[in-house]
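Structure, as structure tokens:
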């Protein structure tokens, strides 16, 4: 009898559906196989939830702030996933922490790695004491012979990668093993590492032990591929339903059509518009949409914010909520909700004693439950799923949306620790390796199909994935007009309210409001006269984080005594203010070099200049502007504006009057000083002298718009420097405006 090992449960189900009333071989998934094939004497594997408690105990006497973590269980329980992932990754690649430290030639990560090493040692001692073992702590093990009883051959259908740990286990198994796999230009280098150097474009069956090629079949592929792009994500919903209809009308079986979502959160939009339940969502429906989760979240948020909206949602639960949080949740859950979360609630009871406050405990539970989802959402014939779920399955029709840079491919955040040079030196998979594996999944999916439709977003902030060039596909056409009426064939005529009243410009005038007024008086009218504002997302903005850090340093320069200390203080300040590991990685990639140059060039000024203003308002007449820093010297005054975006646009814009505001304030208050206004281009580590436009500003102030007219093209010297459409494109008020 054979043991068949599949990449995913879906691949297994797809294979078994071919047989009716037939005696089948045994079967499992590759994850289950490697989990169950080994046994550890006198040890039991620690539960995934309890391990977090032990890891928390392991950091008791360690300063984890140097890792950017907080020593508070609620926060640490999230960060612990990073530690577990990293330790597991180096374990399955059979690389020790000491080897990585040796590979860190420039000592970039030495302190972090030594801390992780200490945490691991403490964690192991705690587990040894209780008779537990974790995967990355395995030393001695045996093959589970009971699992292979009656098995003559293990046949693996591989659509991924075998780690060194996987290979080590397979080598210890006495049973015959064969591996089936496709070779593409993307997975060929990875397969070479653990198996053989095989020709791309073929499907192989390999004897794992002898490395003999048992079968070699050429993959014949000629799919019909169509690429389209849109400016808005909403248009991709139209695209999906239109393409499904086109595929079915062309004769494709709906059961053999798949919608692939590189960003699985997009499923929420498709759910909303799947009026006839044609879609079957492999990822399920998020538990966060359930009434239980919504009311529990409202209960927590009302406790934090004391607001009317959450008070209404939580209603009588506010009075009923008590210290027995788990029982309270069980009592309030519907049968369907309880069926999904009951086992998880049982696990979460173990954490109760870690919280002194029932609301903190509730928040922890909500964070855990939001990962749950209801299975088998709708019973439609069209499978909708992420790319990993599609491994090893052939579909006649494939629709892929969100084919954008940063989304396709998208590697796991655990690969964001350690740079590529260290990973190569330590023989760990690099970012490129992981991206190529994802590219292989997409390529195989496309190769095995008859019809493929790909869409992506193209606008000022998003563009097509660079992967499309490797695939050799064209960039497609903008098809917004073609599909815009798929969901709404009979739109009612729009009623566009007119706003053409006169208004009086509010004082004081700031550079940003003046720029808004001059670019689009109607936007100014909505924002400043009617005071209709959009909820701010500024707390997510890196620019604000950097300003906050530099303000803190400027107000107390005693912390820095060298350029190196200045740089270290800035970077540590940034890391402490960011919660996301991805944000930290992005900043290291995009800004770290620039920040280093900035600190080298700015150190003398930051350390020794007289900072008479730091993140303060400067007012002169009816004008007022916030300045980042003002340095006063014997014969000179320097007004500084930190910028993390593009400087070129500011230097060219005819309405960029902020430097002029600064200049006028300095001229009035320090008439005998030489005045300099500079932009610090943080990304490039360069100091750029700002453009001063006193005459232009005076002329502008005499002729301010005073009625709500629409934006017009900005023309300077008979040249259009900014089109009205570009001003309107991302405007928060364009629906009310009607433009």
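Residue numbers (this note's numbering): 298 to 1036. Just so you know, even glycine gets a beta-carbon here, dropped at the ideal spot from N, CA and C.
Mapping DSSP to helix, strand and coil, what is residue 579? coil
Comparing C-alpha positions only, which one of 417, 740, 813 sits nearest to residue 767? 740
Can you list, in chain order, the residues of its chain with a C-beta nearer than 7 Å to that of residue 511? Leave out the 5 residues immediately preceding and following it. 475, 502, 503, 504
Spatial neighbours of residue 464 within its chain, please: CB distance less than 7 Å, with the 5 preceding and 5 following residues excluded, ordered by chain position. 491
Nearest to residue 1020 by alpha carbon, out of 500, 816, 861, 345? 816
Taking all protein chains shown into account, decide if residue 926 is buried (16 or more other Cβ within 10 angstroms of its Cβ) or exposed. buried
Is residue 935 helix, strand or coil by DSSP? strand
Could you spell out where the alpha helix (DSSP H) holding residue 864 opens and where it closes? 860-874
Which residue wins for smallest C-alpha separation from residue 670, given the options 646, 653, 635? 635
Please confirm if the stretch 960-970 is in contact with the stretch 870-881, defined as three or more CB-CB distances below 8 Å between the two stretches. no
What are the complete beta strand (DSSP E) segments, minimum 3 residues, inside the stretch 913-975? 920-929, 933-940
Residue 772: buried (16+ other C-beta within 10 angstroms of its C-beta) or exposed? exposed
Between residue 689 and the rest of its own chain, which residues show a CB-CB distance below 7 Å, the 5 nearest in sequence each way excluded? 303, 304, 305, 308, 454, 456
Through-space distance from residue 823 to residue 788, alpha-carbon basis: Summary for residue 788: the model assigns pLDDT 45, below 50, so the residue's position carries little reliability, and this model does not support an answer.
May I ask you to report which of helix, strand or coil DSSP gives residue 1027? coil
Residue 514: which of 744, 525, 498 sits nearest, CA to CA? 498
In the DSSP output, what is residue 524 paired with across the bridge? 751
Using the three-state DSSP reduction, which class does residue 846 fall into: helix, strand or coil? helix
Runs of alpha helix (DSSP H) wholly within the stretch 793-827 (minimum 4 residues, chain order): 808-816, 818-821
In the DSSP assignment, what are the bridge partners of residue 501? 478, 513
Looking only at DSSP bridge pairs, what is residue 907 linked to? 929
Could you give the distance in angstroms between the alpha-carbon of residue 398 and the alpha-carbon of residue 352? 22 Å
Give the straight-line distance between the Cα atoms of residue 928 and residue 964, rounded to the nearest whole angstrom. 14 Å
Report yes if the C-beta distance between residue 805 and residue 919 is below 8 Å; otherwise report no. yes
Given that a residue counts as buried once 16 or more other Cβ atoms are within 10 Å of its Cβ, and exposed if not, what is residue 441? exposed
Touch test, the stretch 899-912 against the stretch 840-855, Cβ-Cβ under 8 Å, three pairs minimum: yes
I want to check one thing, is the minimum distance from the CB of residue 480 to the heavy atoms of the ligand NAD below 7 Å? In the structure on display, the ligand NAD does not appear, and there are no ligands present to speak of.
Using alpha carbons as the reference points, say which of 896, 700, 900, 343 lies closest to residue 556. 700
Residue 624 to residue 657 span [Cα, whole Å]: 16 Å
Please list, in chain order, all residues of the same chain as residue 484 whose beta carbon is under 6 Å from its beta carbon, the five residues on each side excluded. 737
Just list the residues that DSSP pairs residue 694 with in beta bridges. 554, 748
By how many angstroms is the C-alpha of residue 576 removed from the C-alpha of residue 1067? There is no way to answer for residue 1067, as the model of the chain reaches only from 298 to 1036.
By a C-beta neighbour count over all protein chains shown, 10 Å radius and 16 as the cutoff for buried, is residue 607 buried or exposed? buried
Residue from 750, 821, 1031 whose Cα sits closest to the Cα of residue 521: 750
If I measure Cβ to Cβ from residue 433 and keep anything under 7 Å in the same chain, skipping five residues before and after, which residues do I get? 384, 385, 388
With distances taken from CA atoms, which of 888, 347, 376, 460 is nearest residue 391? 460
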